[in-house]
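Before any comments, here is the structure.
In this note's numbering, the protein residues as written are 7 to 348.
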């Protein structure tokens, strides 16, 4: 059976030009998780771009899964020059506008974030698991990644050192749940981290009233703290997926001695900490500006921290221009080693 998936016409022209490469990588990972290995080619039909591939007939469940692709807007069977439309059966746990509504300067696009998450989940050992997965963004900003994970039905944890941004994310999610009349509980809790109390905003919510009453719920936890405190939010469990958009500037947060840290130094400090939070078989996805942090440096830092890189060249061709000062790359890596969460 031949299938053709139409790609969205992204508003960012620079991003649109590289969308087929990113989308092909995402689709490759999603198909691979279904046990399908096939060639994926780009085709232009009219003014639209499609990803076309041939494989065994796909089940309704598999089509539903693939319709969650971050950039697919139309799915069809291809018979010669004719397209037979297929239903796009998205099964979002929460409405898909959740990561889109909040607008602010420097926001990583929700579609790119979904690409990172979809690819990471598909590459992990946990795709298809019945129990909800747990997502961590250790540099969450205003929580776009956490909101994308919530739409996908995951539990999510986010940390950021910027108190204002965490506060805005908490306020927005609270208003969102109320506006959509979604049953939920919101509370402030605290965890002990390095001898001090770390405040955490916690939401327990569900997609339906019936699920909430039966205890079939999801959790979002947001904390204003240094990323080094991530393990303290995982006392009894770990994340299955980590995705983070690294700072695009030259410097990040101060170190303990009060001096500023380089991005390379920050990454080398952060990776061993994040690895402690990730289940064996889990995947980390990192995006970054190659003008300030070379791809080779990120790969070396990941390997030095004990992560394993993919062996497929497709995952090393994802560099793309976002704007004049930002040439973004994204790298995926596996946690193949057992770590103590303490």
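Beta carbons are placed, not taken as given, at the ideal position from N, Cα and C, and that holds for glycine.
These figures come from a predicted structure and were not determined experimentally.
Worksheet item: How many angstroms separate the CA atom of residue 285 from the CA atom of residue 87?
Response: 46 angstroms
Fill in: Three-state class that DSSP yields for residue 160 in the structure shown
coil
Worksheet item: Taking DSSP as the reference, what is the three-state secondary structure of residue 9?
Response: strand
Discussion item. Going by DSSP in three states, residue 262 sits in which element: helix, strand or coil?
Written reply: With a pLDDT of only 46 at residue 262, under 50, the local geometry of the prediction cannot be trusted, and the value read off the model is given with reservation. If DSSP states are grouped into helix, strand and coil, residue 262 belongs with coil.
Worksheet item: Which word fits residue 124, buried or exposed, when buried means at least 16 other C-beta atoms lie within 10 angstroms of its C-beta?
Response: buried
Worksheet item: In chain order, what residues of the same chain lie with their CB nearer than 6 angstroms to the CB of residue 47, ignoring the 5 residues before and after it?
Response: 58
Worksheet item: What is the residue span of the alpha helix (DSSP H) that residue 270 lies within?
Response: 269 to 282
Practice prompt. Could you pull out every unbroken beta strand (DSSP E) segment of at least 3 residues lying fully inside the stretch 137 to 222, listed in chain order?
Written response: 140 to 143, 161 to 166, 190 to 199 and 202 to 211
Fill in: Whole-angstrom distance between residue 161 and residue 224, CA atom to CA atom
5 angstroms
Worksheet item: Leaving out five residues before and five after residue 94 in sequence, what residues of the same chain have Cβ atoms less than 8 angstroms from its Cβ?
Response: 73, 78, 79, 80 and 81
Fill in: Close-in-space but distant-in-sequence residues of the same chain around residue 315 (CB under 7 angstroms, 5 per side omitted)
305, 308, 309 and 339
Worksheet entry | Segments of 4+ residues assigned as alpha helix (DSSP H) that fall wholly inside the stretch 60 to 92 | 66 to 72
Worksheet item: Can you tell which of 154, 212, 130 and 145 has its C-alpha closest to the C-alpha of residue 38?
Response: 130
Worksheet item: Going by the CB atoms, is the gap between residue 313 and residue 282 shorter than 8 angstroms?
Response: no
Worksheet item: If you check the beta carbons only, do residue 251 and residue 100 fall under 8 angstroms apart?
Response: no
Worksheet item: Can you list, in chain order, the stretches of the alpha helix (DSSP H) that have 4 or more residues and sit fully within the stretch 282 to 324?
Response: 301 to 310
Worksheet item: In this structure, does DSSP put residue 54 in helix, strand or coil?
Response: strand
Discussion item. On the criterion of 16 or more Cβ atoms from any shown chain inside 10 Å, does residue 107 qualify as buried, or is it exposed?
Written reply: exposed
Fill in: Nearest candidate by alpha-carbon position, reference residue 311, set 246, 31, 215 and 277
277
Discussion item. Taking only three categories from DSSP, how would you classify residue 224?
Written reply: strand
Worksheet entry | Burial state of residue 96, where buried means 16 or more other Cβ atoms lie within 10 Å | exposed
Worksheet item: Terminal residues of the continuous alpha helix (DSSP H) containing residue 118?
Response: 116 to 129
Item to complete: Can you say whether residue 211 is buried or exposed, counting buried as having 16 or more other CB atoms within 10 angstroms of its CB?
Response: buried
Worksheet entry | Chain-order list of residues whose beta-carbon lies under 6 angstroms from that of residue 327 (same chain, five-residue window excluded) | 20 and 333
Worksheet item: How big is the Cα-Cα spacing for residue 172 and residue 63?
Response: 45 angstroms
Worksheet item: Would you call residue 23 buried or exposed, if buried means 16 or more other Cβ atoms sit within 10 Å of its Cβ?
Response: exposed
Worksheet item: Skipping 5 residues on each side, what residues in its chain have a beta carbon closer than 7 angstroms to that of residue 31?
Response: 125, 320, 321 and 324
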